[in-house]
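*Asks:*
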Amino acid sequence: MSALVVTSINVEGYTKTKAEVIASHCSGNDIICMQEAHLGLKSNRPTLPGMKLVAEIRHPKYGSAVFVNPLLDVRDIYTNSSDTNIETVTVCLPEISITSLYKPPASPFVWPDIPTKCRKKYAVVIGDFNSHHTRWGYDNTNRDGELVESWMENTNMELELIHDAKLPKSFNSCRWRKGYNPDLCFISKRLAHLSEKAVLNPLPKSQHRPISITIKPAITKTEVPFRRRFNLKKAKWTEYSEGMERALLDVEPTPDNYTMFVQAVKKTACACIPRGCRKEYIAGLTEESLQLLESYETEFGNDPFSDTTSELGDALTESLGRERRKAWQDLIENINMTQNSKKAWSTIWKLNGDKITPPSVSDITPNQVGSQLVANGR
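Residues in the sequence shown are numbered from 1 upward in steps of one, following the UniProt record's numbering.
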């Protein structure tokens with residue numbers, strides 16, 4: 001299962017150098033929306049390494065372009081440039097449409113009418129809206145901000161703003177020496193809880209920073225380091241005891257036989273105690289939720305945005321959440337400071353969120369300490 005990643009950037013003039021930087025910043029992206037390309041009718045077509053240009057609007061002062069991953073199944077494309085130079089480029093995938101929007105600062109916000117063939121079940125609208133509103137980090141709200149908010153609340157696309165106040169500003173004004181958020185992203189409400197916004201590294205000779213929206217699957221597997229460990233809960237202790245007795249039957253308990261004892265422990269443990277590692281981990285996964293996960297992965301591979309995929313994702317999320325809640329309740333109820341204070345304090349530290357500094361290991365060996373003591377005694 002792979003996420004859908006859409007990135008938008010106001011390049012303030014397309015150049016080959018900027019294209020190479022964008023390609024390095026946005027490697028692995030599915031769709032890249034570019035505003036203010038500043039390419040007139042006689043300019044060469046813009047290119048982006050590793051991406052395919054599917055639509056563009058030519059304008060010497062404004063201009064837009066949309067690049068997609070060559071493997072994407074693009075069904076329809078629609079471009080529109082209004083009399084007030086508001087530019088929209090819509091790219092339609094099987095069940096979702098992605099629209100790049102650019103509104104000049106002096107133009108009042110008006111959402112253009114999109115043809116029926118481009119109205120999909122889910123929608124993403126991303127770009128440079130050049131509008132002020134307190135909802136996306138401005139000190140005040142202007143007329144364009146009110147129009148954008150009214151459009152979001154009343155449009156039949158049922159959109160929701162994806163904004164995180166903790167993220168850096170997407171526009172750093174050289175004139176005012178301050179950061180703003182004119183670059184916005186709206187997404188269908190049914191996908192909002194699966195979406196995550198990010199502000200990427202800045203581009204050379206552009207006051208804007210790219211913004212990206214990642215639409216993730218309902219469940220993502222956590223990657224863990226590959227470290228083999230003995231699973232003591234699944235150990236065959238009876239067989240382990242019998243194996244140790246057979247291995248040490250003729251071994252005398254003397255210091256000379258210590259190495260032989262260690263080898264016997266290792267050999268018997270490998271035979272009786274499972275030892276392995278999972279590279280991917282999902283907390284709360286049970287036999288029931290495992291079947292749901294397999295069905296969800298199959299449907300997601302066929303169509304990530306179908307009703308069946310959405311229903312399976314909701315059921316899987318609910319099942320995992322129920323098991324995680326149960327495990328947490330059992331953990332809290334079984335905490336006993338008198339019997340297992342180490343486990344209790346470990347849980348308290350996790351709840352506090354305090355950073356635990358790992359103990360430092362000195363590089364000085366015992367031989368070096370002894371040599372220094374001998375040298376000091378001379």
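Glycine residues also receive a C-beta, built at the ideal position from the N, C-alpha and C atoms.
Between D164 and K197, what straight-line distance do the alpha-carbon atoms span, to the nearest angstrom?
*Replies:* Rounded to the nearest angstrom, the two C-alpha atoms are 7 angstroms apart.
*Asks:* Skipping 5 residues on each side, what residues in its chain have a beta carbon closer than 8 angstroms to that of K18?
*Replies:* Excluding sequence neighbours, K18 sits near V11, L203, P204, K205 and S206.
*Asks:* Let's see if you can read the secondary structure: which residues bound the beta strand (DSSP E) around G50?
*Replies:* That residue, G50, is in no beta strand (DSSP E); it is neither H nor E in DSSP.
*Asks:* With a Cβ-Cβ cutoff of 8 angstroms, do F129 and E160 count as a contact?
*Replies:* It is not a contact, given that the beta carbons lie outside the stated cut-off.
*Asks:* In whole angstroms, give me the CA-to-CA distance for K117 and R275.
*Replies:* In a straight line, the C-alpha of K117 is about 55 angstroms away from that of R275.
*Asks:* Measuring only the C-alpha atoms, how far is K343 from E239?
*Replies:* Going by the C-alpha atoms only, they are around 29 angstroms apart.
*Asks:* DSSP state of T134, grouped into three classes?
*Replies:* Three-state DSSP puts T134 in a helix.
*Asks:* For N142, is the classification buried or exposed, using 16 other Cβ atoms within 10 angstroms of its Cβ as the cut-off for buried?
*Replies:* Counting Cβ neighbours within 10 Å, N142 comes out exposed, since fewer than 16 surround it.
*Asks:* Given this structure, state the Cα-to-Cα distance separating S27 from V68, to the nearest angstrom.
*Replies:* For S27 and V68, the distance between alpha carbons rounds to 12 angstroms.
*Asks:* My guess is that W151 and L184 are in contact by the Cβ rule of under 8 angstroms, so how many angstroms apart are they, rounded?
*Replies:* 11 angstroms between Cβ atoms; not a contact.
*Asks:* Can you give the Cα-Cα distance for residue 447 and E280, rounded to whole angstroms?
*Replies:* This structure gives no information on residue 447, because the portion of the chain shown stretches from 1 to 378.
*Asks:* For A192, which residues in the same chain have their Cβ closer than 8 angstroms to its Cβ, ignoring the five residues on either side in sequence?
*Replies:* Closer than 8 angstroms at the Cβ level, and outside the excluded window around A192, lie E160 and I162.
*Asks:* Just confirm the distance between the C-beta atoms of I211 and S8, as a whole number of angstroms; I'd bet it's less than 8 angstroms.
*Replies:* That pair is a contact at about 6 angstroms.
*Asks:* Helix, strand or coil: which one does DSSP assign to C277?
*Replies:* In the structure shown, C277 sits in coil (DSSP, three-state: anything other than H, G, I, E or B).
*Asks:* For the beta strand (DSSP E) holding K178, just list the boundary residues, first then last.
*Replies:* K178 -> beta strand (DSSP E) spans K178 to Y180.
*Asks:* Have a look at T90 and V6 and give me their C-alpha separation to the nearest angstrom.
*Replies:* So the alpha carbons of these two residues sit roughly 13 angstroms apart.
*Asks:* Report yes or no: do three or more beta-carbon pairs, one from the stretch 282 to 289 and one from the stretch 249 to 258, lie closer than 8 angstroms?
*Replies:* Flag = no, the stretch 282 to 289 and the stretch 249 to 258 do not touch.
*Asks:* For T220, is the classification buried or exposed, using 16 other Cβ atoms within 10 angstroms of its Cβ as the cut-off for buried?
*Replies:* Label assigned to T220: exposed.
*Asks:* Please report the distance separating the alpha-carbon of E158 from that of T308.
*Replies:* Whole-angstrom Cα-Cα distance: 20 angstroms.
*Asks:* For my contact list, V124 and T99 are in at a C-beta cut-off of 8 angstroms; report their separation, rounded to the angstrom.
*Replies:* Between T99 and V124 the Cβ distance is about 7 angstroms, and since that is below 8 angstroms, they are a contact.
*Asks:* Please state whether DSSP places V374 in a helix, a strand or coil.
*Replies:* In this structure, V374 counts as helix in the three-state DSSP scheme.
*Asks:* Could you tell me the alpha carbon to alpha carbon distance between T79 and S131, rounded to whole angstroms?
*Replies:* Distance between the alpha carbons of T79 and S131: 22 angstroms.
*Asks:* Pairs of beta-carbons, one from the stretch 257 to 274 and one from the stretch 223 to 239, closer than 8 angstroms: are there three or more?
*Replies:* Flag = yes, the stretch 257 to 274 and the stretch 223 to 239 touch.
*Asks:* Please state the DSSP three-state secondary structure of S306.
*Replies:* Three-state DSSP puts S306 in coil, outside helix and strand.
*Asks:* In chain order, which continuous runs of the alpha helix (DSSP H) of length 4 or greater are located wholly inside the UniProt domain "Endonuclease/exonuclease/phosphatase" (98 to 211)?
*Replies:* The qualifying runs are 143 to 154 and 189 to 192.
*Asks:* What are the start and end residues of the beta strand (DSSP E) that includes A247?
*Replies:* A247 -> not in any beta strand (DSSP E); alpha helix (DSSP H) instead, spanning W237 to A247.
*Asks:* Are the beta-carbon atoms belonging to S170 and H208 less than 8 angstroms from one another?
*Replies:* Yes, the pair counts as a contact, with Cβ atoms nearer than the cut-off.
*Asks:* For I335, which beta-bridge partners are listed by DSSP?
*Replies:* In the DSSP output, where bridge partners are listed per residue, I335 has none listed.
*Asks:* In angstroms with no decimal places, state the Cα-to-Cα distance between A23 and N201.
*Replies:* Approximately 12 angstroms, taken between the alpha carbons.
*Asks:* What separation, rounded to the nearest whole angstrom, lies between the Cα atoms of S346 and D139?
*Replies:* If you take the alpha carbons of S346 and D139, they lie about 43 angstroms apart.
*Asks:* Is the shortest distance between the beta-carbon of V74 and the beta-carbons of chain B less than 8 angstroms?
*Replies:* Included in the structure is just one protein chain, with no chain B present.
*Asks:* With a 10 Å radius around its C-beta and 16 neighbouring C-beta atoms as the bar for buried, classify T268 as buried or exposed.
*Replies:* By the 10 Å Cβ count, T268 comes out buried.
*Asks:* In the DSSP output, what is F67 paired with across the bridge?
*Replies:* Looking at the DSSP assignment, F67 forms a beta bridge with I32 and L53.
*Asks:* With C-beta atoms as the reference, is A37 less than 8 angstroms away from P46?
*Replies:* The answer is yes: Cβ separation under 8 angstroms.
*Asks:* Quick one: residues in its chain with C-beta nearer than 8 angstroms to the C-beta of N257, no 5 flanking neighbours on either side, listed in chain order?
*Replies:* Result list for N257: V251, in chain order.
*Asks:* Please state if the CB of S82 and the CB of G57 are separated by a distance shorter than 8 angstroms.
*Replies:* Note that residue 57 is Ile in the sequence shown, not Gly. No, these two residues do not count as a Cβ contact at 8 angstroms.
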